[in-house]
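See structure below.
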Amino acid sequence: MAEHIHDQADGLRRLLMQDFVRVVTVTSGGAAAGKTTTVIGLAVALARDGKKVLVIDENVGARNICATLGLNAHRDLLDVIRRDKALDAVIVTAREGIRVLPAGRGMRVLEKLGADDKTHLIDAFAGIDPSVDVVLIDAAPGSDSRALPLALPSHEIVMVLPPEPASITAAYALIKHISSHHESKRRYHVLFNKTELEADARKIFENMESAAKRYLSVTLHLLGFVPYDGKHCLGRGLAEVHPNSPSAGVFRLAAESLAHWPCQDGEGPGLERFMQCLLQGNQGGRQNAIAARSQRV
Numbered sequence: 008m009a010e011h012i013h014d015q016a017d018g019l020r021r022l023l024m025q026d027f028v029r030v031v032t033v034t035s036g037g038a039a040a041g042k043t044t045t046v047i048g049l050a051v052a053l054a055r056d057g058k059k060v061l062v063i064d065e066n067v068g069a070r071n072i073c074a075t076l077g078l079n080a081h082r083d084l085l086d087v088i089r090r091d092k093a094l095d096a097v098i099v100t101a102r103e104g105i106r107v108l109p110a111g112r113g114m115r116v117l118e119k120l121g122a123d124d125k126t127h128l129i130d131a132f133a134g135i136d137p138s139v140d141v142v143l144i145d146a147a148p149g150s151d152s153r154a155l156p157l158a159l160p161s162h163e164i165v166m167v168l169p170p171e172p173a174s175i176t177a178a179y180a181l182i183k184h185i186s187s188h189h190e191s192k193r194r195y196h197v198l199f200n201k202t203e204l205e206a207d208a209r210k211i212f213e214n215m216e217s218a219a220k221r222y223l224s225v226t227l228h229l230l231g232f233v234p235y236d237g238k239h240c241l242g243r244g245l246a247e248v249h250p251n252s253p254s255a256g257v258f259r260l261a262a263e264s265l266a267h268w269p270c271q272d273g274e275g276p277g278l279e280r281f282m283q284c285l286l287q288g289n290q291g292g293r294q295n296a297i298a299a300r301s302q303r304v
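Note that my numbering has the sequence shown beginning at 8, numbered continuously upward.
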């Protein structure tokens, strides 16, 4: 009851806060979980609800969002860091007005940035126009992600997994890895993808939820079940092609749900707050890594 009242209070604060930016990191335990198509589905659902969406894509190569959507992206966040391009010149626009920032190369150098480069990056995000309501971070899969450790202290995490043994094991291992390195991260949202039998997937979630609570002291929240659909698996995002499909309906409900999640430290008015917390998370992640190495010596 107390948690429900707290969530309501957070929701009211967001309504009263101008330029509030919701930040969600979407990840998976491994490749081929459908993480990128999930980001596309959520982005489309949010855009059709009137939200201005920015997707930050950490992936590179043929499986990133720009390639999946057939967008021409020749620049990256790294070009902004190097001052070769303005941020607006790097961002590409997809259907429904969704903006995509390719960031695979840029994410790899965040830990090396000096004070001047950090200030430049924060100012670049502060000046983005038009404003943004929701940031979706499409993190590289598993513990290979550079974005995920940075986002942990301040963002909500959505874990995407198909109801398959290898994916379940990988997702649980990633949650265990995150929770052991970041004690403050106690809540995760789980979205099942490529679901053939919802009853089976629900049972899997119940088992995961119980194990996570008992052994990891973390809470899992069920975000939904995206049904298996060949067209969705092709990558364009089923919500974009068939807005009345069951999959699109799941993404709409998930998009509505994330609007009511409690505020996080990395969320607030303007994108500069988001980038400040991302860079602070980088500093904290580096300190955690140093501490972990010291304990092993």
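Glycine included, every Cβ here is placed at the ideal spot set by N, Cα and C.
Taking a cut-off of 8 Å on C-beta distances, the stretch 108-124 touches the stretch 78-95, as three or more cross pairs fall below it. For I88, the enclosing alpha helix (DSSP H) covers residues L84 to I88. Among the bridge pairs identified by DSSP, T34 is matched with M166. Counting along the chain, the unbroken alpha helix (DSSP H) around V51 starts and ends at K42 to R55. In the DSSP secondary-structure assignment, L204 is not bridged to any residue. Judged by DSSP in its simplified three-state form, H184 adopts helix. DSSP, reduced to helix, strand and coil, places V97 within a helical segment of the structure shown. I144 carries a strand assignment under DSSP once its states are collapsed to helix, strand and coil.
With respect to L120, I88 sits close: the two C-beta atoms are nearer than 8 Å. The three-state reading of DSSP puts G277 in coil, since its state is none of H, G, I, E or B. DSSP places I63 inside the beta strand (DSSP E), whose first and last residues are V60 to D64.
Proximity to Y222 across S186, F132, R153 and L198 peaks at S186, based on C-alpha coordinates. Check the Cα spacing between V225 and each of E213, Y195 and T202: the tightest is with Y195. R194 is bridged by DSSP to T226. For V257, the closest C-alpha among the options A38, T44, V31 and R29 is that of T44. Per DSSP, the beta-bridge partners of R29 are V141. Of all C-beta pairs linking the stretch 26-44 to the stretch 64-81, three or more are shorter than 8 Å, placing the two stretches in contact. The beta carbons of I98 and I72 sit no closer together than 8 Å. Rounded to whole angstroms, the separation of the alpha carbons of V33 and R209 is 20 Å. Using a 10 angstroms sphere on the CB of P172, the tally of other CB atoms stays under 16, which defines it as exposed. Looking at the DSSP output, V107 shares a beta bridge with V62 and V99.
In the displayed model, P234 falls within a strand according to three-state DSSP.
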